[in-house]
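The structure appears below as structure tokens.
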Amino acid sequence: MEKKQQYNVIVSDRARQALATHVRFLAKKSPVVARRTKNKLMEAIKSLSTMPERFPFLNTEYIQPNKYHKLFTEKWYLILYQIKDQTVYVDYIADCRQEYEWLIR
Numbered sequence: 002m003e004k005k006q007q008y009n010v011i012v013s014d015r016a017r018q019a020l021a022t023h024v025r026f027l028a029k030k031s032p033v034v035a036r037r038t039k040n041k042l043m044e045a046i047k048s049l050s051t052m053p054e055r056f057p058f059l060n061t062e063y064i065q066p067n068k069y070h071k072l073f074t075e076k077w078y079l080i081l082y083q084i085k086d087q088t089v090y091v092d093y094i095a096d097c098r099q100e101y102e103w104l105i106r
């Protein structure tokens, strides 16, 4: 069996801060849901170490075409990342229930 190519996954400070903000918000309502959501998001990010190109590009008028891949997870979270050589750079984690036009301007 052929070994799958592994990518190094790097999560930006901005993405880490966004994750922490989302989890803190959820923890106010339900620590169990917050923990589960954090684990699912981390699992999705870790999965990018194998075949990160399986997710489509984000196409919007304000971002250069074919720059960011998009991964929707946990119902309403959007993870945006770039692939450069053997490294995946996770740049943003957005809660799609909130306004995130700041992200694309």
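Each residue of the sequence shown is one higher than the last, beginning at 2 in our numbering. Ideal Cβ positions, reconstructed from N, Cα and C, are used throughout, including at glycine.
How many angstroms separate the CA atom of residue i from the CA atom of residue j?
i     : j     : result
Tyr69 : Pro57 : 9 Å
Gln65 : Lys71 : 14 Å
Lys30 : Gln83 : 33 Å
Lys5  : Ile11 : 19 Å
Asn67 : Asn60 : 7 Å
Thr51 : Leu79 : 18 Å
Near residue i, what residues of its chain come up, given a Cβ to Cβ distance below 7 Å and the 5 sequence neighbours on each side ignored?
i     : result
Glu75 : Thr38, Lys41 and Leu42
Here's the rule: buried if 16 or more other CB atoms are within 10 angstroms of the residue's CB, otherwise exposed. What is residue i?
i     : result
Val89 : buried
Pro53 : buried
Check residue i in the structure and name its three-state DSSP category.
i      : result
Phe73  : strand
Asn131 : Lying outside 2 to 106, the shown extent of the chain, residue 131 is not represented and no answer is given.
Thr22  : helix
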